[in-house]
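Below you'll find the structure, written out as structure tokens, and then a few comments.
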Amino acid sequence: MGILEVKGVSKHFGGLLALDDVNLSIQQNTVHAIIGPNGAGKSTLLNCFIGKLLPDTGTVMFNNKSLLGLAPYQINQAGISRVFQTPEVFSELSILENVMIPAFAHRDGAFHLSPFKSLARETSIREQAEKILQDVGLIDERHHTASAMSRGNKRRLEMAMCLVQQPKLLLLDEPTAGMSRSDTNNTIDLLKTINEAHNITFVVIEHDMHVVFSLADRISVLSQGHVIVEDYPDKIKGHPEVQEAYLGTAESE
Amino acid sequence: MLKTPHTSDRTLMIVFTILVLAGPLILAPVGAGYPDLMQRFVIYGIFAIGFNILFGLTGYLSFGHAAFLGVGSYSAIWMLKLLSVNIVPAIIFSVVVSGLFALLIGYISLRRSGIYFSILTLAFAQMSYNLAYSVLTPITNGETGLQLELDDPRILDGASESGQVASPSLFGFEMSDTAVVPFLGMDLQFNVGFYVSALILIGMFYLSLRIFRSPFGMMLRAIKSNQTRLNYTGFNSRPYALTAFVISGMYAGLAGALLVCMDPLAGAERMQWTASGEVVLMTIMGGAGTLIGPVLGAGIIKYFENIFSRINESVVEGWFSALPEGVTDVLVAVVSPFLGSGWHISLGLIFMLVVIFLPGGLVEGAGRLMNLVVRLWQSRKTGASQSDTGPADGVTPAEEVSHRSVNTRES
Chain A
1 MGILEVKGVS
11 KHFGGLLALD
21 DVNLSIQQNT
31 VHAIIGPNGA
41 GKSTLLNCFI
51 GKLLPDTGTV
61 MFNNKSLLGL
71 APYQINQAGI
81 SRVFQTPEVF
91 SELSILENVM
101 IPAFAHRDGA
111 FHLSPFKSLA
121 RETSIREQAE
131 KILQDVGLID
141 ERHHTASAMS
151 RGNKRRLEMA
161 MCLVQQPKLL
171 LLDEPTAGMS
181 RSDTNNTIDL
191 LKTINEAHNI
201 TFVVIEHDMH
211 VVFSLADRIS
221 VLSQGHVIVE
231 DYPDKIKGHP
241 EVQEAYLGTA
251 ESE
Chain B
1 MLKTPHTSDR
11 TLMIVFTILV
21 LAGPLILAPV
31 GAGYPDLMQR
41 FVIYGIFAIG
51 FNILFGLTGY
61 LSFGHAAFLG
71 VGSYSAIWML
81 KLLSVNIVPA
91 IIFSVVVSGL
101 FALLIGYISL
111 RRSGIYFSIL
121 TLAFAQMSYN
131 LAYSVLTPIT
141 NGETGLQLEL
151 DDPRILDGAS
161 ESGQVASPSL
171 FGFEMSDTAV
181 VPFLGMDLQF
191 NVGFYVSALI
201 LIGMFYLSLR
211 IFRSPFGMML
221 RAIKSNQTRL
231 NYTGFNSRPY
241 ALTAFVISGM
251 YAGLAGALLV
261 CMDPLAGAER
271 MQWTASGEVV
281 LMTIMGGAGT
291 LIGPVLGAGI
301 IKYFENIFSR
311 INESVVEGWF
321 SALPEGVTDV
331 LVAVVSPFLG
341 SGWHISLGLI
351 FMLVVIFLPG
361 GLVEGAGRLM
371 NLVVRLWQSR
381 KTGASQSDTG
391 PADGVTPAEE
401 VSHRSVNTRE
411 S
């Protein structure tokens, strides 16, 4: 039994069948990549995990609890964090505050009022946040506002925001999209260290095969809303159906 | 902000307290040292501080906060009529009632954000205004409004017997009592009502400071920055915004109650949309999201309203009377539309200038001014120290000058 079990998920947008009977089983402490050509339904599938979309049919179970119909904050509280395709941070707040906010969410739950407690006295939260910022290499800039950061650093910050919550499952939507080669490699290293140091299951949606094959333990290939293959990375590389999905076959010309 | 909050906040609090308590002394030279106006500075300061907790922190722009001001006023005057002219029950009751009212309106309005939220709050405020003006006449006395009367029951302190309407007081100290002290040719007016409101203002300012510096305040700033992200971070953001809305509604109710305690009269016009707009102007003009800005903005707008609106054509003529007659006429014709009853035009111009050149409000302006002064001072100091040591180090005068100009630019 996997940590995330997806069974028979389908989703229509008008006449378009975006997801067609998708089945996935994501095992604990693995890096599971979901790849596929443009329009294969990768983002739609991810949005079904995080409460942004409700599938027409099927079930999404996380640790034997259904995620369907839950609000985004409830899904986060259940232990699923998400890294966005374009880094989403609190631009006007300092880097340290950006990490303290999810730390509060993890400690105090979805709604907790302490309007007269001083932020400066929350030393344990601040220490937690500072430790994570140390890990991702942003500790020296922690008092700067997040708006001026480079895209690569925003990604690091986002990772820190997720890690401070010690999630069970981390969803990464194209974590290296729009990054330079060196930023991409840094991100891969960062993800590897995190995966080894913390017991976090990763689900990565990615275009970049370099990223996929350096990270993934297991790969599912999605094509036209359907999982066509699920296997180990070295088996995927030469798989005829995958090549067909990405490149088309000689016969179909 | 996290670096040294304690010392700088303490300084801010001390300076603020001194400035507020020294109000009669500071305001008398600029012609604003009379009780009625000083009370209004302080009360609208409270109103704006509360509005800023919602607008400045969460970014939700309410266009209906005058409704809470009005509800506070009506609740307070009813307590003064029914219970006692002591202002304590009046204030407590109106804060509670306006809080409940804010909970209802906020719960509905916060289902939407941005312009739709603003429109919803505006609609609610106009509804409240019309209810107060006509439908709820038995409670609000319609367009005449409510005031204290001889036959008020006043269960706790007994109805007036002396044939004179009692005025609101705090355990025997009447709000309207004023001690006039001559000082350097001015009459300083120390008024009970002003000091009661001023102490409440200081308390409310401290409360807002605590909220700004709390985890709750940080969540509110996160709502303004990126509410969607906050939801994905595991927070249910709506109750946070609702709490901020209710707190700011209670501040408005408190301000409304104080208005009634100073001048026991409550009318529907206090809930008009222009009154809601005024607190928006105050907050933006002073600096939304800053601690001191709203108080500053409230002071400036109320000062304008009272001082500029009193300058009529004959006063303006007096200013230019020394000039030749033709010139005087032209100057009076040019200047007078901006003063007297046209003071709104000057206020509008100033507001435009602030929004265009100082989006952070007057607080940003003051900050820039401070930076400039500090920079000038530092460059003068480094310049001076260099010219002292320069020749001894064997630097030629030409080099020294170039050094100094570089330093000026850098620092």
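Those sequence lines, one after another, are chains A and B.
Here the first sequence stands for residues 1 to 253, numbered as in UniProt numbering.
Here the second sequence stands for residues 1 to 411, numbered as in UniProt numbering.
Think of the CB as a built atom: it goes at the ideal place given N, C-alpha and C, for glycine as much as any other residue.
As the structure is a prediction and not an experimental result, all values here were calculated from the model.
{"Asked": "Short of 8 Å in beta carbon distance, which residues of its chain neighbour Val-95 (chain B), apart from the five on each side in sequence? Order them along the chain.", "Found": "Gly-72, Met-250, Gly-253, Leu-254, Ala-257"}
{"Asked": "State the Cα-Cα distance for the pair Thr-389 (chain B) and Gln-128 (chain A), rounded to the nearest angstrom.", "Found": "With a pLDDT of 44 at Thr-389 (chain B), under the threshold of 50, the predicted position of this residue should be treated as unreliable, though the coordinate-derived value follows. Whole-angstrom Cα-Cα distance: 49 Å."}
{"Asked": "To the nearest angstrom, how far is the alpha carbon of Val-30 (chain B) from that of Leu-339 (chain B)?", "Found": "17 Å"}
{"Asked": "How big is the Cα-Cα spacing for His-106 (chain A) and Gln-77 (chain A)?", "Found": "7 Å"}
{"Asked": "May I have the straight-line CA-CA distance separating Leu-25 (chain B) from Val-295 (chain B), to the nearest angstrom?", "Found": "18 Å"}
{"Asked": "Return the residues of the segment 79-95 of chain A that lie within a Cβ-Cβ distance of less than 9 Å from chain B, sorted by chain order.", "Found": "Ser-81, Arg-82, Phe-84, Glu-88, Val-89, Phe-90, Ser-91, Glu-92, Leu-93, Ser-94"}
{"Asked": "Roughly how many angstroms separate the alpha carbons of Gly-64 (chain B) and Ser-75 (chain B), rounded to a whole number?", "Found": "18 Å"}
{"Asked": "Answer yes or no: does any C-beta atom of chain A fall closer than 8 Å to that of Asn-226 (chain B)?", "Found": "yes"}
{"Asked": "Would you mind telling me which residues of chain B sit closer than 7 Å to residue 255 (chain A), beta carbon to beta carbon, in chain order?", "Found": "Since the first and last residues shown for chain A are 1 and 253, residue 255 (chain A) lies out of range."}
{"Asked": "Residues of chain A with a CB under 7 Å from the CB of Thr-58 (chain B): which are they?", "Found": "None at all; the shortest Cβ gap to chain A is about 12 Å."}
{"Asked": "Measuring only the C-alpha atoms, how far is Thr-57 (chain A) from Lys-131 (chain A)?", "Found": "42 Å"}
{"Asked": "Would you kindly work out how many angstroms separate the C-alpha atoms of Lys-60 (chain A) and Met-282 (chain B), rounded to a whole number?", "Found": "Reading the sequence as shown, one finds Val at residue 60 (chain A) and not Lys. Cα to Cα, Val-60 (chain A) sits roughly 51 Å from Met-282 (chain B)."}
{"Asked": "If residue 492 (chain B) sits next to Phe-68 (chain B), beta carbons under 8 Å apart, how far is it from one beta carbon to the other, in whole angstroms?", "Found": "Absent from the model: residue 492 (chain B). The displayed extent of chain B is 1 to 411, so no value can be given."}
{"Asked": "Are there 16 or more other CB atoms within 10 angstroms of the CB of Asp-187 (chain B), so buried, or fewer, so exposed?", "Found": "exposed"}
{"Asked": "Quick check: the segment 112-125 of chain A against the segment 196-207 of chain A, are there 3 or more CB pairs under 8 Å?", "Found": "no"}
{"Asked": "Tell me whether Ser-180 (chain A) sits in a helix, a strand or coil according to DSSP, three-state version.", "Found": "coil"}
{"Asked": "What distance in whole Å lies between the Cβ atoms of Thr-58 (chain B) and Ala-244 (chain B), which are believed to be in contact at a cut-off of 8 Å?", "Found": "5 Å"}
{"Asked": "Quick check: what's the CA-CA separation for Val-83 (chain A) versus Val-354 (chain B)?", "Found": "39 Å"}
{"Asked": "I need the boundaries of the beta strand (DSSP E) containing Asp-21 (chain A), first residue and last residue.", "Found": "16-26"}
{"Asked": "By Cβ distance, which residues of its chain are closer than 8 Å to Ala-268 (chain B), with the 5 residues on each side in sequence left out?", "Found": "Gly-70, Tyr-129, Ala-132, Tyr-133, Thr-140, Gly-142, Glu-143, Gly-145"}
{"Asked": "Which chain B residues are close to residue 284 (chain A), counting only those with a beta carbon under 7 Å from its beta carbon?", "Found": "Here chain A has residues from 1 to 253 only, and residue 284 (chain A) is not among them."}
{"Asked": "Any beta carbon from chain B within less than 8 Å of His-106 (chain A)'s own beta carbon?", "Found": "yes"}
{"Asked": "Can you pull the chain B residues whose beta carbon is under 8 Å from the beta carbon of Ala-110 (chain A), in chain order?", "Found": "Gly-234, Phe-235, Asn-236"}
{"Asked": "What residues in its chain sit with their C-beta under 6 Å from that of Ser-81 (chain A), if we drop five residues either side in the sequence?", "Found": "Cys-162, Gln-165, Pro-167, Leu-170"}
{"Asked": "Throw me the rounded Cβ distance for the Phe-124 (chain B) and Val-279 (chain B) pair, which I believe falls under 8 Å.", "Found": "About 15 Å separates the two Cβ atoms, so there is no contact after all."}
{"Asked": "Name the DSSP bridge partner or partners of Arg-218 (chain A)?", "Found": "A:His-32"}
{"Asked": "Could you pull out every residue in the same chain whose Cβ sits closer than 7 Å to the Cβ of Glu-5 (chain A), ignoring the five residues on either side in sequence?", "Found": "Ser-25, Met-61"}
{"Asked": "Run the CB neighbour count on Ala-266 (chain B), radius 10 Å, all protein chains shown included, and call it buried at 16 or more, exposed below.", "Found": "buried"}
{"Asked": "CB Leu-209 (chain B) to CB Leu-291 (chain B), shorter than 8 Å?", "Found": "yes"}
{"Asked": "Exposed or buried, Tyr-315 (chain B), counting other C-beta atoms within 10 Å across all chains shown (16 or more means buried)?", "Found": "Looking at the sequence itself, residue 315 (chain B) is Val, so the reference to Tyr does not match. Result: exposed."}
{"Asked": "Let's see if you can read the secondary structure: which residues bound the beta strand (DSSP E) around Glu-5 (chain A)?", "Found": "4-13"}
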